[in-house]
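Data first, discussion second: the structure below is written as structure tokens.
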Amino acid sequence: MRHYKEDELADYAFDPRTHTEKAEVEAHLAACPECRDRLAFIERIDGALREPVPWEISDDIQVETPPDVLWERARAIDAETAAAHTLLSPLLKSPVRFQNARVDQDERFHTTGAVAVLYRAARELTERQPQFALITSNAAVIIARKLAAAGTLRSKLHLGRAYLERGRTLFVIGRYKDAEQALDYAESSYDQEPDATGWDLAWVWLIRANVYVESERLRSGRILAMAAARQFRIFGDLALYLNARLLLATVLLFEGDYRASAEATEEIIRLTRARRDTLLLARALQNCGEAYRRLREYEKALPPFLEAHTLWDELGAEIERIRTTWSLALVDVETGRIEDGIKRLDQTWRSFEALGITTDAALARMELGEALLLVGRPETVPDLLRNVVVSFASEGMMRNAQIALAWMNEAIAQNRLSADLVRHVRTYIEQLPSHPGVAFVPL
Amino acid sequence: MVRGGPGRDTPLEMFLEKLGLQPVHVVAEAKRVARRLGLRAAISRQHFGRIRFGKASATQEKIVLIVATLRTMTGLAVRATDLFVLEPALAGIGTNTFMDRADIFSRPRRSGSWGWLVEDERPSASETLEALYKEHAAILRANARRRFNIIAADDIEGLINDVFMSFLERQPRVDDVRAFLIGAMNNACKHYLRKRKNETPLLPEHEDTPDSSTEEELDRWTLFLSLGATLARLGTKCRETLRRYYLHEEKPESIATKLDTTTAYIFQLLSTCRKRAREIFRDLTEPKR
Numbered sequence: 002m003r004h005y006k007e008d009e010l011a012d013y014a015f016d017p018r019t020h021t022e023k024a025e026v027e028a029h030l031a032a033c034p035e036c037r038d039r040l041a042f043i044e045r046i047d048g049a050l051r052e053p054v055p056w057e058i059s060d061d062i063q064v065e066t067p068p069d070v071l072w073e074r075a076r077a078i079d080a081e082t083a084a085a086h087t088l089l090s091p092l093l094k095s096p097v098r099f100q101n102a103r104v105d106q107d108e109r110f111h112t113t114g115a116v117a118v119l120y121r122a123a124r125e126l127t128e129r130q131p132q133f134a135l136i137t138s139n140a141a142v143i144i145a146r147k148l149a150a151a152g153t154l155r156s157k158l159h160l161g162r163a164y165l166e167r168g169r170t171l172f173v174i175g176r177y178k179d180a181e182q183a184l185d186y187a188e189s190s191y192d193q194e195p196d197a198t199g200w201d202l203a204w205v206w207l208i209r210a211n212v213y214v215e216s217e218r219l220r221s222g223r224i225l226a227m228a229a230a231r232q233f234r235i236f237g238d239l240a241l242y243l244n245a246r247l248l249l250a251t252v253l254l255f256e257g258d259y260r261a262s263a264e265a266t267e268e269i270i271r272l273t274r275a276r277r278d279t280l281l282l283a284r285a286l287q288n289c290g291e292a293y294r295r296l297r298e299y300e301k302a303l304p305p306f307l308e309a310h311t312l313w314d315e316l317g318a319e320i321e322r323i324r325t326t327w328s329l330a331l332v333d334v335e336t337g338r339i340e341d342g343i344k345r346l347d348q349t350w351r352s353f354e355a356l357g358i359t360t361d362a363a364l365a366r367m368e369l370g371e372a373l374l375l376v377g378r379p380e381t382v383p384d385l386l387r388n389v390v391v392s393f394a395s396e397g398m399m400r401n402a403q404i405a406l407a408w409m410n411e412a413i414a415q416n417r418l419s420a421d422l423v424r425h426v427r428t429y430i431e432q433l434p435s436h437p438g439v440a441f442v443p444l
Numbered sequence: 003m004v005r006g007g008p009g010r011d012t013p014l015e016m017f018l019e020k021l022g023l024q025p026v027h028v029v030a031e032a033k034r035v036a037r038r039l040g041l042r043a044a045i046s047r048q049h050f051g052r053i054r055f056g057k058a059s060a061t062q063e064k065i066v067l068i069v070a071t072l073r074t075m076t077g078l079a080v081r082a083t084d085l086f087v088l089e090p091a092l093a094g095i096g097t098n099t100f101m102d103r104a105d106i107f108s109r110p111r112r113s114g115s116w117g118w119l120v121e122d123e124r125p126s127a128s129e130t131l132e133a134l135y136k137e138h139a140a141i142l143r144a145n146a147r148r149r150f151n152i153i154a155a156d157d158i159e160g161l162i163n164d165v166f167m168s169f170l171e172r173q174p175r176v177d178d179v180r181a182f183l184i185g186a187m188n189n190a191c192k193h194y195l196r197k198r199k200n201e202t203p204l205l206p207e208h209e210d211t212p213d214s215s216t217e218e219e220l221d222r223w224t225l226f227l228s229l230g231a232t233l234a235r236l237g238t239k240c241r242e243t244l245r246r247y248y249l250h251e252e253k254p255e256s257i258a259t260k261l262d263t264t265t266a267y268i269f270q271l272l273s274t275c276r277k278r279a280r281e282i283f284r285d286l287t288e289p290k291r
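Just so you know, the protein sequences line up as chains L and E, in that order. At position 17 of the first sequence the residue is numbered 18 (our numbering), and the sequence of numbers has no breaks. At position 114 of the second sequence the residue is numbered 116 (our numbering), and the sequence of numbers has no breaks.
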């Protein structure tokens, strides 16, 4: 089908009644959504030219330079940020050095610039060194509160932001309740700041939505993610808009609507490719693969998993690369390539363990055990599962997980290990962060 | 048949609150949607209020209407299950399907939305300011004056300064700086009007925050502001020809006579100027990184 050029459509839009090829254009438009979209754009502009408001706006517009008050503020921000960078950069290279410096008690660091440098540092540290990110964002919160109490914080936006980063770090660590509390404080700081906008609140909602989704409050998570997506779109923040949409697609996956989730992530992948946002693209590909795996459409699941794997490699995102290897292992097992799956699961748990990611290593190990038991190769399973350890920050969760593992060890000792039994323990441990109070019930 | 949920914290109420939607606007929009859907009746404000707080039930038709209305207003793919505690027959796929599935292996471990973490070096506030102000201050001024009817020039300048100051404080890395600044200006204007509401009553469309205008309203204003900026960038000849033809509805023949030229030339000029306007509009509105 030959599409009409924009100029041709513009000629048609100028006066459709007298256009020489009226019938042909209209027949084409009836069958071509692309040309219809282009024509709609032309008509939208032509239509708006008939309204007085754009003309009045254009008459008001004049080129001008910023007033002194803005220059003064810009210079103050730059000077404070530069000074804070000089003081903080050496400390932010090492958690020990940072803690020893006690920046929250040292008045040299009590500036709005230092608060901003600290929460931005926390943001960058969260994935790689979450505990360091936490102490950094805590320092930002403490200093921001002191400055706010003294009336010397330039804007409460910074207090909200400091709390927000603390909330995000706590979420990544898995301390969901504390994360929610930090987000409450962030929201309340923004409520007190007239300059806070829907964009600032949308950040809080997006992180809160992540907390809700991880703790299986899916409906609340979905509503907040939708609200966040809308505000990000209004404020022209496409990256965060797509992040919020990816979370919505994840909710669909968790709700079991795999088809809708796959379609939503395909759309996000398309938009993300156009923006060349590799990190978000890799995450969307991973989620898309997962949705197709759940649909058992493995020929559609493999390409996104493999592409995600390559992207993680390019990005040097080792943990995510291992997670994708894990997904590929599951595809192998489910499509009958058991030996390949077993090899990849073995690779997965060893890689996690080498990085000190204890709980995921334990879960992958148990999945390997299940696979070996399912294919009738039980010999190595007792050794594989005997020393499984997990690590949770909360004492209660740790105790519950140890009870489950002790029960599995007892089964190993009594030679009554089965795939169902291992799965029962694994599922329980896997769901502990979202259901921390649920006690273990043996099969 | 269907409950909104007990007490004030119904899913519907949470949705309205988080999206900053006023019930009065929802009910008004529902009337229009009901007409478009060919429904027998819309929904009264009182009934909507009772449903919202879980004090009344909603029929299937009302649920369809509310969902369609909220979709129209927000542009989001809202579902009935997001807003109502539905009985299984209405709910479709339950939220626990995932938990009940017979899969052998585990779920994805992370919700997968942490793609924005690492930020590049940002330019200094002073480096940002000049270009930003020259490019956008006039649009913000026009927005305050035209959309919010703020008349006092000094007050408008104060609001613009506040918006730029808070932008410099945040230095957000957004795709569309214009949209961000317009959003922040809308917010600032609403605060301003709210503070002065004894002198100047707030119009219903200015009432809410964060931005709760309908998609249609937002799109219309974004179009007007961007087109205003576009027209300001057009050459004088183009501007005046388009103004005469579109705004003053003069015939090409009459424009030709007034400009002492041929009608064919005016047609040519209109075609070229419309094309130029579309190019500038695209350049202004398409996201730049």
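Where is the CB? At the ideal position from N, CA and C, for every residue including glycine.
Could you name the residues that DSSP lists as bridge partners for residue i?
i        : result
Val97(L) : Answer by DSSP bridge pairing: none, since Val97(L) is not bridged.
Kindly indicate which three-state DSSP category residue i falls into: helix, strand or coil?
i         : result
Val87(E)  : strand
Arg124(L) : helix
Cys289(L) : helix
Phe17(E)  : helix
Glu219(E) : helix
Pro305(L) : helix
Cys275(E) : helix
Phe236(L) : coil
Gln48(E)  : helix
His250(E) : coil
Tyr5(L)   : coil
Glu194(L) : coil
Phe150(E) : coil
Ser59(E)  : coil
Pro68(L)  : coil
Lys199(E) : coil
Asp105(E) : Any answer about Asp105(E) is weak, because its pLDDT of 38 lies below 50 and its placement is not dependable; what the coordinates show is given next. Asp105(E): coil per DSSP, three-state reduction.
Asn163(E) : helix
Arg393(L) : Per the sequence shown, residue 393(L) should be read as Phe rather than Arg. Phe393(L) falls in the coil class under three-state DSSP.
Leu272(L) : helix
Gly161(L) : helix
Gln182(L) : helix
Gly185(E) : helix
Asp258(L) : coil
Among the options, whose alpha-carbon lies nearest the alpha-carbon of residue i?
i         : options                                    : result
Thr238(E) : Arg39(L), Ser59(L), Leu89(L)               : Ser59(L)
Arg400(L) : Leu375(L), Asp421(L), Ala440(L), Pro383(L) : Ala440(L)
Ala186(E) : Phe353(L), Leu92(L), Thr112(L), Gln232(L)  : Gln232(L)
Pro131(L) : Pro434(L), Leu171(L), Ala115(L)            : Leu171(L)
Gln348(L) : Leu202(L), Glu319(L), Glu335(L)            : Glu319(L)
Thr113(L) : Ala123(L), Ala80(L), Val97(L), Gln100(L)   : Ala80(L)
Arg54(E)  : Thr224(E), Leu18(E), Ala139(E)             : Leu18(E)
Thr76(E)  : Leu23(E), Ala190(E), Leu67(E)              : Leu23(E)
Arg42(E)  : Cys275(E), Lys199(E), Gln62(E)             : Gln62(E)
Trp206(L) : Val173(L), Ile174(L), Gly168(L)            : Gly168(L)
Ala127(E) : Tyr13(L), Ala83(L), Gln182(L), Ile413(L)   : Ala83(L)
Leu364(L) : Glu300(L), Asn388(L), Asp341(L)            : Asn388(L)
Kindly give me the distance between the Cβ atoms of residue i and residue j, rounded to whole angstroms, as I take these residues to be in contact under 8 Å.
i         : j         : result
Tyr135(E) : Thr66(L)  : 7 Å
Gly161(L) : Ser138(L) : The Cβ separation is near 12 Å, so there is no contact.
Ala245(L) : Thr266(L) : Not really, about 13 Å apart at Cβ, beyond 8 Å.
Ala454(L) : Tyr242(L) : With chain L running from 2 to 444 in the structure shown, residue 454(L) is simply not present.
Ile158(E) : Arg175(E) : About 28 Å separates the two Cβ atoms, so there is no contact after all.
How far does the alpha helix (DSSP H) with residue i in it reach, from first residue to last?
i         : result
Glu431(L) : 420-432
Gln106(L) : Note, Gln106(L): premise wrong, no alpha helix (DSSP H); not H, not E.
His138(E) : 127-144
Leu41(E)  : Element bounds for Leu41(E): n/a, residue is neither H nor E.
Gln348(L) : 339-355
Gly175(L) : Gly175(L) -> no alpha helix (DSSP H), and no H or E assigned at all.
Thr137(L) : 131-151
Gly378(L) : The sequence as given places Arg at residue 378(L); Gly does not occur at that position. It is not in any alpha helix (DSSP H) - Arg378(L) carries neither H nor E in the DSSP assignment.
Asn388(L) : Per DSSP, Asn388(L) belongs to no alpha helix (DSSP H) and is neither H nor E.
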